[in-house]
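J.: Following the numbering used here, the numbering of the sequence shown begins with 841 at its first residue and continues without gaps.
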Amino acid sequence: MNCTLCPVSCGADRPSKAGACSASGIKIAKYYLHPYEEPPISFSKGSGCVFFCGCSLKCVFCQNYELSRNLCGKDISVSELADIFKQLEDQGADNINLVNPTHYVTDIAAAFEIYRPNIPVVYNTHGYEKVETLRLAERFTDIWLPDLKFMSAEGAKRYSARADYADYALPAIRYMAQKPAVFSKEGKMLSGCIVRHLILPLNAGEAVKAVNFVATLPKDVRFSLMSQYTPYGDIKDIPELNRRITKREYERVLSAAEAAGLKNVYVQDFSSADISFIPKWDY
């Protein structure tokens, strides 16, 4: 297959050759019941996360750096992936959470053809997406969980490998935001879209732009404003990333969300900005 799933469209002959995402066949680093997603996602017993390896975005500060650079992980087959979905469901997962799935969409779709759990499926993405790929993913996706990482080409170029991030992420998120929000009586999310933004040090202005963009989306879109940034990855030459954000920076963005009239906002306690919350990889 000459892969064109992500905006890079590198044309790699996967799975025989790795693409711009550094991935060839299916490779995962962990699957388990994750308790630290947004409340309606982790909900009661936890979100059944499957952490996929490789990434075409390659943010320098990536909290899952070992995965995004394909430095760890285990190769699995489509049928093994389907079995993982069933295992997580049997363990009581509140949903199946596909973490960084973009470059595996066709394999994931094939796994769901083998076994489709009777719980919601979450598409947990960095946001750097082609709408045509999202249309493929929509066949099995109940909940969209995209990051909105950068609003400017300057920020995207400084902190990732893709200066054109916003050119793709903004229309992709507009597409995902059309999913109607549906919750159970108990408050578990069954359908809809939660947009995330991780505030970076010295980037509160960029975060305010993200807030203002989210304010243009349908009103039932949820917004997760994350204060959890922890220095990690390949950031030695980027001075501002070698510290956590300040309360003043976070409060500035919260004030912008209030001013923009956003109602459905998830906020984080500063205790979440700790390396201990990064999962220990199994493979």
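We treat Cβ as the ideally placed atom computed from N, Cα and C, and that holds for glycine.
Do the stretch 1014-1031 and the stretch 1071-1084 make contact, defined as three or more Cβ pairs closer than 8 angstroms?
T.: no
J.: So for R1083, helix, strand or coil by DSSP?
T.: coil
J.: Nearest-angstrom Cα distance between E978 and P957?
T.: Their backbone Cα atoms lie some 15 angstroms apart in a straight line.
J.: Just to confirm, are C843 and Y968 a CB contact at a threshold of 8 angstroms?
T.: no
J.: Would E1080 be called buried (16 or more neighbouring beta carbons within 10 Å of its own) or exposed?
T.: exposed
J.: Whose CA, out of F892, H874 and E878, lies closest to the CA of K885?
T.: H874
J.: Sort K989, W984 and R1083 by Cα distance to K1019 and report the nearest one.
T.: W984
J.: Taking C-alpha atoms, which residue in M1066, P1011, A950 and T1056 lies nearest to A1044?
T.: M1066
J.: Taking E1098 as the reference, give the member of V1048, C889, T965 and Y905 with the closest Cα.
T.: Measuring from the Cα of E1098, the nearest candidate turns out to be V1048.
J.: Pick out whichever of I1039, A993, V971 and D1122 has its Cα sitting closest to the Cα of Q1108.
T.: I1039
J.: Got a sec? Which residues, its chain only, sit under 8 angstroms from Y1106 by beta carbon, not counting five neighbours each side?
T.: Hits under 8 angstroms: E878, P879, I1034, R1062, F1063, S1064 and L1065.
J.: What's the gap between the Cα of R1002 and the Cα of C861?
T.: 12 angstroms
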